Amino acid sequence: MARAKRSHHGGRSIAKREQKFQRWILKGGPAKAAETARLHTVFTTTDRVPSEFLKIRQNQATVRKIILQKYPEDPKTLPILEIDNKNFQMNSCDQLKELEATPGLPVVPIIFKLFNEFIPRSVQRGIITRFDALMATKPRYLLRSRNPHSSKRALHVGSWECSMRRPSITAEAQHQKTTTITRLDNLLQYMKRHIFQKIVRAWCRDCPQLVCRSIRAHHRLQRCLKKAYKKRPTLDFGPAFFSIAMKDGSSEHVHLDFSDDIHTMTWIIPIGDWEGGEFCIPQLGIGIPLKPGQVLAIRTWLLAHCNAPITAGRRVVFTCFSEKTVLKHADLHILEKDGYIVFN
7 MARAKRSHHG GRSIAKREQK FQRWILKGGP AKAAETARLH TVFTTTDRVP
57 SEFLKIRQNQ ATVRKIILQK YPEDPKTLPI LEIDNKNFQM NSCDQLKELE
107 ATPGLPVVPI IFKLFNEFIP RSVQRGIITR FDALMATKPR YLLRSRNPHS
157 SKRALHVGSW ECSMRRPSIT AEAQHQKTTT ITRLDNLLQY MKRHIFQKIV
207 RAWCRDCPQL VCRSIRAHHR LQRCLKKAYK KRPTLDFGPA FFSIAMKDGS
257 SEHVHLDFSD DIHTMTWIIP IGDWEGGEFC IPQLGIGIPL KPGQVLAIRT
307 WLLAHCNAPI TAGRRVVFTC FSEKTVLKHA DLHILEKDGY IVFN
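Take the working numbering: the last position of the sequence shown gets the number 350, and nothing is skipped along the way.
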C-alpha cells in the first residue's frame, strides 16, 4: 500500500513546534544562538538616563508636557541612527538600572534591540494578504481611548487583565462577525507559524532575566483561559507577549504605552513597503529607522515615542505587548505541581 504523501501546507503543528523548541532549550540552544548573534549585532550602551517617567502619574498630557519642557526639539526631526544592515542593541547604563531596580522583579538590561532581516519577504506578503482580508470584513473597534496617540485606530487581540481580577480574551477578538473571527484566526495562525516562535527564541537568547517571570504569567493564562484557548488556540501567542494591537499606519503623537509592563519588552512588527516612519525617541535623541523585514524590541513604558511621517508607501504595524496586570498578578503566584498558590 502506497504511503500517503505528507502535506506541506502549514508544516508542523504548533504542538510539534513547541516540543522542538523545548528540545532546543535543553540542548543549550539559547547560549549557542547568543554567540552566533553577537557576530551580527552592533552593541552600544546609552550615556543617557531616561528615567523621567519612572514615578509619574499615568497621564499622556503629563508625558507630553515633560517632553516639551526637557526636549523642545521636534521629535520627528531627530538625527536618524545609522545602522549598516546589522542587528543593533542599545543597553541600559548602570545608573538607570539602579533607579528602576525593584525588589523581586528583573532588571531589564536592554533599552531596545533592532533585528535586521527578521521576516522574509514572502512572509511579509502573506501577512499583508491576510491582514487586508481581515480588514475587508470591517471589524468592530470597541475600545475607547481618552488620549489617542494616532489618527488610526488599532484592533486589540489576545489576552489581558486590565483592572480585572482574572484574565480574559480581548473584546475585539471575541465580539465580531463569524467571517471576521475566521480571518483574524487565519492571520494569527500564520504569524504564529512564521514569526512568533522566532521572537520567543530571540527573547530567550537576549533577555534571559525576563524568561521565568513571563513563563509563569503564560502558564497562569493557560490555566485561567483553558477553555478559550482550546476553542481558539491562535489567541495563545506564547510567553514573549500576550496581546497585539494591529493597525494600518503609525502613531504620530508622543506617548508612553502605560498598559505595557515596564519590566519587559514590547515587540513592534512593521509590515509593508514604505519610506520614512522612523521610530522617534526624544529621551535618547534619536530616530530609529524601520525597514521592511525588521522587528524592534523596545521598552515602550520607559521611552516616550512617536513615528515620523511615512513619506511613501504603506506600513501595517503589529505592536505585541504584555499587559502589566497579567504580569503583576502572576507575580503573586508560584507554580507548583498541582497548580498555583497565592502568597503575600
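Note that the Cβ used here is the ideal one computed from N, Cα and C, for glycine as well. These figures come from a predicted structure and were not determined experimentally.
task = Answer with buried or exposed for Leu311, where buried requires no fewer than 16 other C-beta atoms within 10 angstroms of its C-beta.
result = It should be pointed out that residue 311 corresponds to His in this sequence rather than to Leu. By the neighbour-count rule (16 or more Cβ atoms within 10 Å), His311 is buried.
inquiry  = Among Ala177, Cys326, Phe248, whose alpha-carbon lies nearest the alpha-carbon of Leu302?
reply    = Cys326
task = Report the rounded CA-to-CA distance for Ala177 versus Gly299, giving the unit in angstroms.
result = 30 Å
ask   = How about His269 and Leu333: do their beta carbons lie closer than 9 Å?
value = yes
inquiry  = Residues in the same chain with beta-carbon distance under 6 Å from Asn93, minus the five sequence neighbours each way, listed in chain order, please.
reply    = His46, Thr47, Phe121, Asn122
message = For Val206, tell me which candidate among Gly110, Ser128, Met271 has the shortest Cα-Cα distance.
response = Met271
task = Report the partner residues of Pro276 according to the DSSP bridge assignment.
result = Val323
query = How would you label Arg305, buried or exposed, when you count the other beta carbons within 10 angstroms and need 16 or more for buried?
reply = buried
ask   = For Lys183, which residues of its own chain have a beta-carbon under 7 Å away from its beta-carbon, when the five flanking residues on both sides are left out?
value = Thr143
inquiry  = Nearest by alpha-carbon distance to Arg146: which of Arg159, Thr135, Phe137 is it?
reply    = Arg159
inquiry  = Is the separation between the beta-carbon of Leu227 and that of Arg189 shorter than 9 Å?
reply    = no
Segment contact flag, the segment 128-139 with the segment 277-290, C-beta cutoff 8 Å, min 3 pairs = yes
message = Assuming contact is defined by CB atoms lying nearer than 9 Å, are Ile294 and Ile86 in contact in what I supplied?
response = yes
query = Skipping 5 residues on each side, what residues in its chain have a beta carbon closer than 7 Å to that of Ile72?
reply = Glu58
query = Given Leu296, which residues of its chain have a CB within under 7 Å of its CB, disregarding the five upstream and five downstream residues?
reply = Pro276, Gly283, Glu284, Phe285, Leu302
request  = Closer than 8 Å by C-beta to His261: which residues in its own chain qualify, once you throw out the five before and the five after it? Chain order, please.
outcome  = Gln66, Val69, Arg70, Asn153, His155, Ala310, His311, Cys312
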